[in-house]
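Novice: Residue numbers (the numbering used here), protein chains in the order written: chain G, 38 to 149; chain D, 2 to 110.
Backbone N, C-alpha and C define an ideal beta-carbon position, used for all residues, glycine too.
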């Protein structure tokens, strides 16, 4: 049971480059999320998808776009990376009833 | 004021000690409460949900005080393997889940 799978695990970008973080879950969850985690701060929600075909902004959406490709996959795109986007990114999915979040292993992104 | 606040620690305790973490939240409409554990450079994992009546899971006890808007986690008989960051998490309804910044715990032999 793979759970939530994120790729890549590490990435270094130059300012202005673009990239897409991939996320897939095999637990048949309707809801999926993208968070970022910075030192001294809690995880902050970037975007979420309540169900296939819908996406909504979270707390810190600027500079990001998302796509809910199907029920399993939810990708996060940085169109023009900035040093302020250096962070650890986590994808998660959840059981709506319990609210429990299942996280992927994270992507460590550095923008120089 | 942050929506969920935790003492960042670190808490340094010897093996076998009892340690307690507190967390306060600002939204009185919050509905669900959790403690997650995060090991260094790893993803957060659910430790336990927190219920109004309080709940226990082995050495871990969680309490919720809705009137005072705080949540606590008590760890008894600390083990070296308990060393981690403990995240207080509050769900306010819909899809809004707020994470505290975490409390770091170091358990020493």
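Assuming residue 48(D) contacts residue 83(D) under a Cβ cut-off of 8 Å, what Cβ separation, rounded to an integer in Å, is found between them?
Specialist: With a Cβ gap of about 10 Å, residue 48(D) and residue 83(D) do not count as contacting.
Novice: Find the residues of chain D that neighbour residue 85(G), judging by a C-beta separation of less than 8 Å, and give them in chain order.
Specialist: Residues of chain D passing the Cβ test: 96.
Novice: Residue 45(D) touches chain G at which residues, Cβ-Cβ below 8 Å?
Specialist: Per Cβ cutoff of 8 Å: 80, 127, 138, 140.
Novice: Determine the chain G residues that contact residue 100(D) at a beta-carbon separation under 7 Å, and present them in chain order.
Specialist: 79, 80, listed in chain order.
Novice: Taking 8 Å as the cut-off, does the stretch 120-135 of chain G touch the stretch 55-72 of chain D (at least 3 CB pairs, one atom from each stretch)?
Specialist: Verdict: no, contact absent.
Novice: By how many angstroms is the C-alpha of residue 75(D) removed from the C-alpha of residue 59(D)?
Specialist: Computed Cα separation, rounded: 11 Å.
Novice: Given a threshold of 16 other Cβ atoms within 10 Å of its Cβ, counted over all protein chains shown, does residue 74(G) qualify as buried or as exposed?
Specialist: By the neighbour-count rule (16 or more Cβ atoms within 10 Å), residue 74(G) is buried.
Novice: From residue 11(D) to residue 100(D), what distance separates their C-alpha atoms?
Specialist: C-alpha separation (whole angstroms): 18 Å.
Novice: Check whether the stretch 50-67 of chain G touches the stretch 104-118 of chain G, counting contact only when three or more Cβ pairs, one atom from each stretch, lie closer than 8 Å.
Specialist: Short answer: they touch.
Novice: One question on the structure: do residue 27(D) and residue 2(D) come within less than 7 Å of each other, judged by their Cβ atoms?
Specialist: Yes. Within cutoff.
Novice: As a quick exercise: from 87(G), 120(G), 80(G), pick the residue whose alpha carbon is nearest that of residue 48(G).
Specialist: When each option's Cα is compared against that of residue 48(G), the closest is 120(G).
Novice: Between the stretch 35-51 of chain D and the stretch 84-92 of chain D, do at least 3 Cβ pairs fall closer than 8 Å?
Specialist: Contact holds: three or more Cβ-Cβ distances are below 8 Å.
Novice: Between the stretch 63-76 of chain G and chain D, which residues of the former have a C-beta closer than 7 Å to a C-beta of the latter?
Specialist: From the stretch 63-76 of chain G, only 68 have a Cβ closer than 7 Å to chain D.
Novice: To the nearest angstrom, report how far apart residue 81(G) and residue 131(G) are at their CA atoms.
Specialist: So the two alpha carbons sit approximately 16 Å from each other.
Novice: To the nearest angstrom, report how far apart residue 51(D) and residue 144(G) are at their CA atoms.
Specialist: Spanning the two alpha carbons is a distance of roughly 29 Å.
Novice: Would you say residue 31(D) and residue 93(D) are within 7 Å of each other, going by their C-beta atoms?
Specialist: Contact flag set, yes.
Novice: In the DSSP assignment, what residue or residues form a beta bridge with residue 61(G)?
Specialist: Residue 61(G) is bridged to 42(G), 110(G).
Novice: I think residue 142(G) touches residue 16(D), with their Cβ atoms under 8 Å apart; what is that distance to the nearest whole Å?
Specialist: So it is not a contact: roughly 29 Å between Cβ atoms.
Novice: Using a C-beta cutoff of 7 Å, does residue 143(G) count as contacting chain D?
Specialist: Closer than 7 Å to some Cβ of chain D, the Cβ of residue 143(G) qualifies, so yes.
Novice: Applying the 10 Å Cβ sphere with the 16-neighbour rule, what's the burial state of residue 133(G)?
Specialist: Exposed: under 16 other Cβ atoms inside 10 Å.
Novice: Residue 70(G) to residue 53(G), Cα distance in whole Å?
Specialist: One C-alpha to the other measures close to 24 Å.
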